[in-house]
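> Counted the way the working numbering counts, the sequence shown spans residues 66 to 191. We treat Cβ as the ideally placed atom computed from N, Cα and C, and that holds for glycine.
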Amino acid sequence: MFSGVGDSLETPLTTLTTEQATATAGQAVFVERDAGHCVLCHRIDSLSAPFQGDLGPVLTGVGSRLSPAQIRFRLVDPSRLNPDTIMPSYFKTGPLHQLPEQYKGKPILDAYQIEQLVIYLSSLKG
Ligand code: HEC
66 MFSGVGDSLE
76 TPLTTLTTEQ
86 ATATAGQAVF
96 VERDAGHCVL
106 CHRIDSLSAP
116 FQGDLGPVLT
126 GVGSRLSPAQ
136 IRFRLVDPSR
146 LNPDTIMPSY
156 FKTGPLHQLP
166 EQYKGKPILD
176 AYQIEQLVIY
186 LSSLKG
């Protein structure tokens with residue numbers, strides 16, 4: 066699968082081109098229903114999205130609290146930190162009981178989307 070050190074995953078999953086490596090692209094993944102749809106559970110104060118959930122922690126300023134490597138780890142497989150978490154493992158394959166049938170056996174997001182989210186969330190300082 067992947068080997069993280071502690072709660073960090075230093076090595077990017079893929080290399081983005083300059084055009085792909087923007088916070089705007091990451092924000093789109095964060096909001097879009099067909100992509101991450103992270104707003105289902107998370108709120109970010111600087112984000113204007115119609116509905117933002119509160120099942121997960123508020124991610125305003127998360128870039129000041131967590132390093133890019135720590136953020137990457139939490140997106141790839143948060144169940145490694147908390148086996149009982151309700152947050153899906155976005156880049157892990159295999160039978161995941163929280164996941165709808167269409168996601169079983171394949172990651173929910175691709176490597177590009179994960180890296181774009183890392184850029185976006187890391188940019189949220191404060
Ligand atoms: C079903 C609800 C849910 C969804 C959907 C979800 N998360 Fe989470 N997330 C959580 C919860 C709950 C936590 C707290 C960690 C735990 O449960 O141990 C968390 C933690 C995090 C953290 C760590 C925050 C911190 O302060 O430690 C990050 C970063 C994060 N989520 C990003 C995302 C991103 C990006 C997405 C979309 C790709 C997403 N989450 C989708 C519920 C969710």
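May I ask you to report which of helix, strand or coil DSSP gives residue 251?
Missing from the structure shown is residue 251; the chain here goes from 66 to 191 and no further.
> Please find out if some non-hydrogen atom of the ligand HEC comes closer than 8 Å to the beta-carbon of residue 121.
yes
> What's the gap between the Cα of residue 66 and the Cα of residue 78?
With a pLDDT of 48 at residue 66, under the threshold of 50, the modelled position of this residue cannot be trusted; read the value that follows with caution. Approximately 12 Å between the Cα atoms of the pair.
> Going straight from the alpha carbon of residue 180 to that of residue 119, what length do you get?
Going from the Cα of residue 180 to the Cα of residue 119 covers about 24 Å.
> If residue 128 sits next to residue 174, beta carbons under 8 Å apart, how far is it from one beta carbon to the other, in whole angstroms?
So it is not a contact: roughly 19 Å between Cβ atoms.
> Given a cut-off of 9 Å on the beta-carbon distance, is the pair residue 107 and residue 124 in contact?
yes
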